[in-house]
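Student: Using our numbering, read the sequence shown as starting at 1 and increasing by one per residue. Using N, Cα and C, we set each Cβ at its ideal position, and we do this for glycine too. Computed from a predicted structure; not experimentally measured. Here you go, one structure.
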Amino acid sequence: MTDHQQPLSGEQWHATELIWDYHQMHHTVRPTDAAIGLGSHDLGVAAYSAELYRAGLFPVLVFSGGNSPTTEARFPRGEAVHDSEHALDSPADSSPPDAPPRPDWYARSGHPTGRGMNRPIAAT
C-alpha cells in the first residue's frame, strides 16, 4: 500500500465483494458462432479470448474498445487494436504457414485450425 492509499473499511470491502461477485457471470463455456473481447485495461481479457478461440469454441473473435482518458497512454491506437495484437502474440500462438505477415490481422479469414490465432477483428 502506498502512502496515498487508505485501507478499506469493512463496509467498503463488503461493497467491493458484491460488485466483484456481480461481475462473475458463472456461465458455462460452450461453442458459439462468434465472441466479443470487450476492451479494458486488462490484457488478460485478450489472452483468455484467444485461448477460447484456439480451443475451437468460436470461429470469429471480435475485440472492441477505442481510447478513453484512462487507457489512451497505455493503448494509444485503441484497446481493440492492442487486444488483437496481444492475442496474436500470446505464447500459444503459432500462425499457420500460409498466414499473411503481421500486422494485417484484421484482413485474415478462415476457420480456426488449432495452429494459432488467425482472425481476430478489431472494432473501435
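Helix, strand or coil: how does DSSP classify V29 here?
Tutor: V29 falls in the coil class under three-state DSSP.
Student: In the DSSP assignment, find the beta strand (DSSP E) that holds G37 and state where it starts and stops.
Tutor: Looking at the DSSP string, the run of the beta strand (DSSP E) that includes G37 is 35 to 37.
Student: For the beta strand (DSSP E) containing R64, list its first residue and its last residue.
Tutor: In the sequence under discussion, the amino acid at residue 64 is Ser, which differs from the Arg named in the question. Start and end: 61 to 64.
Student: Does the distance from the CB of A87 to the CB of A35 come in under 8 Å?
Tutor: The answer is no: Cβ separation not under 8 Å.
Student: For V29, count the other beta carbons within 10 Å of its own beta carbon; 16 or more makes it buried, fewer makes it exposed. Which is it?
Tutor: Looking at its Cβ environment, which holds fewer than 16 other Cβ atoms inside 10 Å, V29 is exposed.
Student: Do F63 and D83 come within 8 Å of each other at the CB atom, strictly closer than that value?
Tutor: Yes, they are a contact pair.
Student: Measure the C-alpha to C-alpha separation of A73 and E51 and round it to an integer number of angstroms.
Tutor: Those two C-alpha atoms are separated by around 26 Å.
Student: Would you call the CB atoms of T71 and E79 closer than 8 Å?
Tutor: Cβ distance < 8 Å, so T71 and E79 count as in contact.
Student: Report the option in L61, Q24, L18 whose CA atom is closest to the CA atom of L38.
Tutor: Nearest option by C-alpha distance: L61.
Student: Alpha carbon to alpha carbon, what distance is there between D89 and V81?
Tutor: Those two C-alpha atoms are separated by around 12 Å.
Student: Straight-line CA distance for D33 to S9?
Tutor: About 44 Å.
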